[in-house]
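For reference, the structure is listed below as structure tokens.
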Amino acid sequence: MSTFEFKDVGFKVQIGTGKEATTKTILSGINGMVKSGELVAIIGSSGAGKTTLLNVLSGRIMGGDVEGEILFNGQPRSKKTFKRDVAYVEQFDLLLPTLTARETIEFAADFRLNRSEFTQDMKRERVNDVLKSLRLSDIQNSYIGNEQKKVLSGGERKRVSIGCEIVTTPKMLMLDEPTSGLDSNSSYMIAKLMKEIAVYRNLICISSIHQPSSKIFYTFDKVILMVPGGVVFFGSTKDSLFYFDSIGYKCPPRANPADFLIDIMTIDYENEDNLQTSLDRVEHLKKSWAEYVQNNGDIYVGKEGTDSSNNSIESKQIIDSTNPLYTDMSDRPDFKNNWFWEFGILYKRQWIRVMRDKPILVAQFLGAIMTFLLVGFTFFRRSVGIVEAQSKVGLLNLMVINMTFPVAIPIIPVLFEERLVMFRERSSGSYRMSAFLISILATYIPISFVYNFICLLGVYFLTKLQVTAGKFWTYIALFFATVLNSLGYAFLFAALTPNMAIAQMYAPLGLTLFWVYGGVVANSDSTTRAISWIRFINYNYFSFMGVLQNEMNGKVFDCSGADGDACYPTGESVVLAYSLNKYSIWSCFGILLGMAAGYYILTYFAIRYKNKPKYILI
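Add 680 to the 1-based position in the sequence shown for the numbering used here, that's all there is to it.
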């Protein structure tokens, strides 16, 4: 049997910096003990610190100072093993919409169960067990869906999220408001399943919960009642109303006990009188609980031979820990599998996701065909002299733009969706960041190359660019290097920006800036020194320089009938006029590859370190 104790736990954060810095106490003097098979609720009004307490106990708190003692099986939490002992279900279901319920849990098993110890059949058997226990067997082949295209209900998605965590048979399960946004029936089913999980799988289950119904309230064995800064009750749900009755707060008949308790714990800001009355009441609750604890010092300690759990479930089918399907894995290494296995599973999942998102695939390929037809026939008519030179410059500039905006902008929402799922999976040690990033690159780079090759091929021959094998493949190589940079630009934006709205606002702005200083709109020799450095971080500049030289070098224009300087006699004179002769074609290609590598390296470090969860332990 596992035990989880917390003694005099507190949490403080620093507000402000320097001389103006102050310390704010979020939690103070919180005590409790939970045993295997028990389901515990953390209940309080909004702002009481329910999620903060849950995160402190699970080791998932960002910043701040934690005080007190937290013991798992009588020992301080181990940095090496605690992350594997505890499973955490977040409030929002971060799942990939194009996977089925079964596939989602299967991938969790593939990532988090060691393949040297678990055969694929053993993993699938465990997944089947999880699906059955969570009442998901009938919908196991249904897609997760999202807000735009709902397939599974909110309650079903929550059960899938729980399944991803319990497939590893943890010793403790923590859930952050698992019933938020669900109807009463779905909420009760989640609560009942949490109880079954705690009993049948013999694990500790702690959940924060907001305004449960009376039926849900009595599903829990114990309850932690919170007011801002601390606890005013910890004990059996059955005893909670007796305790509050003893200190002068009697629950009305037929009232929801949870609503009654939350009402007396809530600070009312409606007016000054209500505020003062509620503050006095909360202070009385805190003082009464402190006195009760002082007079009953053993209330947090489980007595020998007693069981505080409210086991109304008929037969306790505790999972046999000697069964090879449920081996204790708490002493295993941080990552369950080697890098290549992680990459293979991630790569497989990426392709499943891409191939099922057919509207996006169709839109990309139709877009490529429409672009090469529109651009191709726009520049189809052969011109001469200055008109031909202008047309070729405009065409190549347009193609550079086509390899930036349509490549980078549409993929940003996809990357944000991937990033959110990655944060959840990373917290549980599912895989390495390098395997995650390379699997995405290995998926989206070939796709982008294929549909852009269709566009480039059609445009090249319709617009009558110089048709030689060397120039054609140089043209392809330079534009593919441009695509690599556009993808890298999107990846870096998705990694650095806090949300998708900001990324979609500023990513086009950055690409517009690159286009302005790409060599056509503003001649690089005419810009002031204060901003001339932009071209050295501008992949559009080197892309346009390379493709312009590739097309113009060796080309002669017919200047017969032209007046004086109104014509460029050679392609080289066009390149010189735009001041785009500073680097050779292959120097531009090498610089583009180097810049692309820089984008991906920066993306890796942004994901690996900037977005790393700042946990106490993990």
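Positions of the beta carbon are idealized from the N, C-alpha and C atoms, including for glycine.
As the structure is a prediction and not an experimental result, all values here were calculated from the model.
Taking all protein chains shown into account, do 16 or more other C-beta atoms lie within 10 angstroms of the C-beta of residue i, making it buried, or fewer, making it exposed?
i: Asp-790; result: buried
i: Lys-875; result: buried
i: Asp-765; result: buried
i: Ile-998; result: At Ile-998 the pLDDT is 38, less than 50, meaning the model places this residue with poor confidence and gives no usable figure here.
i: Pro-933; result: exposed
i: Thr-1154; result: buried
i: Tyr-1289; result: exposed
i: Pro-1178; result: exposed
i: Trp-969; result: buried
i: Met-1083; result: buried
i: Ser-1240; result: exposed
i: Gly-696; result: exposed
i: Gly-1199; result: buried
i: Gln-1070; result: exposed
i: Lys-730; result: buried
i: Phe-691; result: buried
i: Arg-1209; result: exposed
i: Asp-1238; result: exposed
i: Gln-800; result: exposed
i: Ala-701; result: exposed
Would the beta-carbon of residue i fall within 8 Å of that of residue j?
i: Lys-1144; j: Arg-1062; result: yes
i: Gly-743; j: Val-693; result: yes
i: Ala-1181; j: Ile-1092; result: no
i: Glu-685; j: Met-713; result: yes
i: Tyr-1124; j: Glu-1022; result: no
i: Leu-1191; j: Phe-1085; result: yes
i: Ala-728; j: Pro-908; result: yes
i: Ile-750; j: Leu-733; result: no
i: Val-1163; j: Ser-1212; result: no
i: Ala-1183; j: Ile-1287; result: no
i: Ile-1118; j: Phe-787; result: no
i: Val-1073; j: Val-1139; result: no
i: Met-945; j: Val-912; result: yes
i: Gly-1168; j: Tyr-1280; result: yes
i: Ala-1276; j: Asn-1132; result: no
i: Asp-960; j: Asn-954; result: no
i: Ala-938; j: Phe-897; result: yes
i: Met-906; j: Gly-724; result: yes
i: Val-847; j: Val-807; result: yes
i: Pro-777; j: Gly-834; result: no
i: Phe-1057; j: Leu-1142; result: yes
Mapping DSSP to helix, strand and coil, what is residue i?
i: Lys-875; result: helix
i: Phe-1015; result: coil
i: Cys-885; result: strand
i: Leu-948; result: According to the sequence as given, residue 948 is Asp; it is not Leu. Reduced to three states, the DSSP call for Asp-948 is coil.
i: Ser-1212; result: helix
i: Tyr-768; result: strand
i: Lys-838; result: helix
i: Thr-848; result: coil
i: Ser-716; result: coil
i: Lys-1144; result: coil
i: Lys-692; result: strand
i: Ile-824; result: coil
i: Ala-1277; result: helix
i: Ser-867; result: helix
i: Phe-1059; result: coil
i: Met-681; result: coil
i: Ile-904; result: strand
i: Leu-1260; result: coil
i: Ser-916; result: strand
i: Leu-855; result: strand
i: Phe-1045; result: helix
i: Phe-922; result: helix
i: Thr-1250; result: strand
i: Phe-940; result: helix
i: Gly-909; result: strand
i: Phe-798; result: coil
i: Thr-780; result: strand
Please determine whether the Cβ atom of residue i lies at a distance below 7 Å from any heavy atom of the ligand SAM.
i: Cys-885; result: This structure simply doesn't include the ligand SAM, nor any ligand for that matter.
(Q) Under 8 Å, with one C-beta from each stretch per pair, do the segment 856-865 and the segment 890-909 reach the 3-pair mark? (A) Inter-segment contact for the segment 856-865 and the segment 890-909 is present: three or more beta-carbon pairs are separated by less than 8 Å.
Q | Secondary structure, beta strand (DSSP E): runs of 3+ residues fully inside the segment 1061-1106 | A | none
(Q) Can you confirm whether the segment 1214-1225 touches the segment 1043-1061 when touching is taken to mean that 3 or more C-beta pairs between the two stretches lie within less than 8 Å? (A) no
(Q) If we require 4 or more residues per run, which alpha helix (DSSP H) segments fall completely within the segment 1173-1247? (A) 1180-1196, 1209-1212, 1219-1232
(Q) Using a Cβ distance threshold of 8 Å, determine whether the segment 835-846 contacts the segment 766-773, with at least three qualifying pairs required. (A) yes
Q: Check whether the segment 895-910 touches the segment 715-728, counting contact only when three or more Cβ pairs, one atom from each stretch, lie closer than 8 Å.
A: yes
Q) Curious, which full-length alpha helix (DSSP H) runs of at least 4 residues does the segment 1113-1170 contain? A) 1113-1142
Q) Taking the runs of the beta strand (DSSP E) that are 3 residues or longer, which of them lie wholly in the segment 699-762? A) Unbroken beta strand (DSSP E) runs of no fewer than 3 residues, entirely contained in the segment 699-762, are found at 702-715, 719-724, 745-752, following chain order.
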